[in-house]
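Start counting the sequence shown at 2; every next residue gets the next number (this note's numbering).
Take a look at the structure set out below.
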Amino acid sequence: MTKRKSDCEATYSPAAGALRVRVESSVGALFARAIERVARKTAAEFGVGSGELRIDDDGALDYAVAARVEAALRGAGFSRRSPGAASLGAQAPADAPARADDAARRSPSPWRSRLYLPGDQPDLLPNAGLFGADCLILDLEDSVTPSRKAEARILARRVLEAHRGFFGRSALVVRVNPLSGPFGRDDVAELGGCLPDAILLPKCESAADVIALAGLLDAMEASPDGRTLIMALVETARGVVAAPSIAAASDRVCALCFGAEDFSRDVGARRTASGAEASLARQSVVLAAKATGVQAHDSVYSDSDDDAGFAAYCGAARAIGFDGVGLVHPRQIAVAHRAFDPGPGELEEARRVVAALEEAESRGLGVASIEGKMIDAPVAERARRVAARANGKAR
């Protein structure tokens with residue numbers, strides 16, 4: 002492992018006698034004893050009372066220390082006997098937002114932004130809630146190398162157990178690895194008692210993929226109704242063709258997301274600035290989502306320094322019906338929100354339509370009109386949706 006800022010390395014060696022904890026830290030004068038306490042508490046979760054733990058630290062917070070120590074102990078063959086959140090004495094703040102429940106399947110306001118956070122970089126997590134993204138995604142897939150998968154999923158679980166307050170009012174999502182591969186099922190199992198608001202399932206190619214994940218969640222959740230939602234990521238030709246059945250596969254599905262990079266590679270298309278090579282696929286994902294009543298999310302725009310290009314990208318996505326977009330950097334959040342929020346003119350018109358509808362209803366009229374033009378059902382529905390979105394109410 003290469004040590005990163007706000008992270009640490011932990012190694013365990015068997016030895017006779019009481020457990021020894023040796024700490025070397027860039028902030029050792031202030032925090033060496035605290036680091037040792039966390040390490041010993043974590044070792045106690047595994048019933049480890051002998052041997053030697055070595056910790057090389059560069060400012061890691063408690064959850065990162067605990068995660069790295071746990072990974073070292075599990076690598077040495079020990080099994081966890083007791084939960085970590087209680088043993089560390091850390092809990093989410095009392096005012097932390099509650100997890101989404103199934104009633105939020107069509108969220109009060111569609112998630113305009115989903116910001117990816119590498120799942121194995123603890124330094125990015127404590128301030129993540131300050132970014133203001135609608136949705137934060139701890140990524141265990143593309144941003145984590147195969148050799149680091151186990152450590153990343155342990156870190157994600159430690160954060161979910163004790164530090165949900167990091168994420169503010171943002172919905173918290175974990176992107177697991179595909180269930181068909183060697184890591185996905187272990188990712189889901191690791192999150193067992195501390196599931197996020199939603200799980201982002203990559204490489205969805207059939208309803209069976211969603212059904213398999215929903216089955217795992219059913220088995221893990223205390224509530225038979227299920228509270229953890231599923232965002233299905235469509236990234237291949239097979240996935241696009243199966244998008245309608247994927248969206249309808251489970252009541253847990255809250256969104257269909259499109260992955261342009263993997264899709265283009267799958268079909269052998271050359272990526273272009275206009276994105277024309279994936280236009281049919283994008284529209285297919287939108288149609289499948291809207292027909293099923295779930296959100297539609299477009300792919301990421303990888304050039305985080307190109308604000309103008311990203312604004313145009315978001316505008317094009319919204320124009321064909323997407324509700325939000327993936328982000329690779331916090332600086333993209335404001336641009337995305339401006340693009341997917343109703344503009345002043347659009348909002349004013351929507352409120353005029355809603356006011357006319359309410360007036361007609363109060364007068365017992367069967368139809369409403371503005372300036373002599375009848376308001377038909379599609380116009381009325383769109384106006385209500387725009388007004389509700391601006392007011393933060395359910396669609």
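Glycine is no exception: its CB is placed at the ideal position from the N, C-alpha and C atoms.
#1: Looking at valine 174: is its Cβ nearer than 8 Å to the Cβ of alanine 157?
#2: Among the candidates Ala388, Ile321, Glu360 and Val380, whose CA atom is the shortest distance from the CA of glutamate 349?
#3: Assign threonine 229 to buried or exposed, taking buried as 16 or more other Cβ atoms, counted over all protein chains shown, within 10 Å of its Cβ.
#4: According to DSSP, which residues form a beta bridge with threonine 12?
#5: Could you check whether the Cβ of leucine 202 sits closer than 8 Å to any Cβ belonging to chain C?
#6: Among residues of its own chain, excluding the 5 on either side of glutamine 122, which ones have a beta-carbon nearer than 7 Å to its beta-carbon?
#7: Since leucine 118 and leucine 141 should fall inside the 8 Å C-beta cutoff, what is the C-beta to C-beta distance between them, to a whole number of angstroms?
#8: Nearest-angstrom Cα distance between serine 251 and alanine 33?
#9: Please classify glutamate 25: does DSSP put it in a helix, a strand, or coil?
#10: If glutamate 236 sits next to proline 183, beta carbons under 8 Å apart, how far is it from one beta carbon to the other, in whole angstroms?
#11: State buried or exposed for glutamate 372, treating a residue as buried only when at least 16 other CB atoms are found within 10 Å of its CB.
#12: Would you say serine 114 and valine 326 are within 8 Å of each other, going by their C-beta atoms?
#13: Since histidine 298 sits in a beta bridge, which residues does DSSP pair it with?
#14: Give me whichever residues DSSP pairs with cysteine 136 in a beta bridge.
#15: Whole angstroms are fine: how far does the CA of isoleucine 247 sit from the CA of phenylalanine 323?
#16: Should alanine 274 be labelled buried (16 or more other beta-carbon atoms within 10 Å of its own) or exposed?
#17: Between the segment 49-66 and the segment 10-25, do at least 3 Cβ pairs fall closer than 8 Å?
#18: Does glycine 130 pass the burial test, meaning 16 or more other C-beta atoms within 10 Å, or should it be called exposed?
#19: Taking threonine 43 as the reference, give the member of Glu25, Ala30 and Ala65 with the closest Cα.
#20: Look up alanine 199 in the DSSP assignment and give the residues it is bridged to.
#21: Three-state secondary structure (DSSP) at alanine 243?
#22: Quick one, are the C-beta atoms of leucine 217 and valine 189 less than 8 Å apart?
#23: Looking at the secondary structure, which residues open and close the alpha helix (DSSP H) in which leucine 74 lies?
#24: Near cysteine 9, which residues of its chain fall below 7 Å by C-beta distance, leaving aside the five closest residues on each side in sequence?
#25: Roughly how many angstroms separate the alpha carbons of leucine 137 and leucine 116, rounded to a whole number?
#26: Residue range of the alpha helix (DSSP H) that glutamine 284 falls in?
#27: Taking the CB atoms as reference points, tell me whether alanine 243 and phenylalanine 259 lie closer together than 8 Å.
#28: Please list, in chain order, all residues of the same chain as cysteine 315 whose beta carbon is under 6 Å from its beta carbon, the five residues on each side excluded.
#29: What first and last residue would you give for the alpha helix (DSSP H) that runs through alanine 313?
#30: Should valine 355 and alanine 384 be called a contact, given that it needs their Cβ atoms to be closer than 8 Å?
#31: Within the same chain, show all residues whose beta-carbon is closer than 7 Å to that of alanine 318, passing over the 5 residues directly before and after it, in chain order.
#32: What residues in its chain sit with their C-beta under 6 Å from that of alanine 134, if we drop five residues either side in the sequence?
#33: State yes or no: is the C-beta of phenylalanine 168 within less than 8 Å of the C-beta of proline 331?
#34: Residues in the same chain with beta-carbon distance under 6 Å from alanine 72, minus the five sequence neighbours each way, listed in chain order, please.
#35: Once DSSP output is grouped into helix, strand and coil, what is the label at serine 363?
#36: Which one or two residues does DSSP pair with alanine 19 in a beta bridge?
Well, looking at it:
#1: In this structure, alanine 157 does not lie closer than 8 Å to valine 174 by Cβ.
#2: Ala388
#3: Label assigned to threonine 229: buried.
#4: Arg55
#5: Note that chain C does not occur in the displayed structure, where there is just one protein chain.
#6: Arg5
#7: About 11 Å; that fails the 8 Å criterion.
#8: 48 Å
#9: strand
#10: That pair is no contact at about 18 Å.
#11: exposed
#12: yes
#13: Beta-bridge pairing by DSSP links histidine 298 to Cys258 and Gly325.
#14: Answer is Arg115 and Ala172.
#15: 17 Å
#16: Looking at its Cβ environment, which holds fewer than 16 other Cβ atoms inside 10 Å, alanine 274 is exposed.
#17: Touching, yes, given that three or more Cβ pairs across the two stretches are closer than 8 Å.
#18: buried
#19: Ala65
#20: In the DSSP assignment, the residues bridged to alanine 199 are Val174 and Leu230.
#21: coil
#22: yes
#23: Unbroken alpha helix (DSSP H) run through leucine 74: 63-76.
#24: Ile56, Asp57, Asp58, Asp59, Ala61, Ala65, Val66 and Arg69
#25: 5 Å
#26: Membership of glutamine 284 in the alpha helix (DSSP H) is indicated by the continuous run 280-293.
#27: no
#28: Val326, Ala337 and Ala340
#29: 308-320
#30: yes
#31: Asp299 and Val326
#32: Excluding its 5 nearest sequence neighbours in each direction, alanine 134 has C-beta neighbours in its own chain below 6 Å: Ser114, Leu116, Ser171 and Ile334, listed in chain order.
#33: no
#34: Glu152 and Ile155
#35: helix
#36: Ser51
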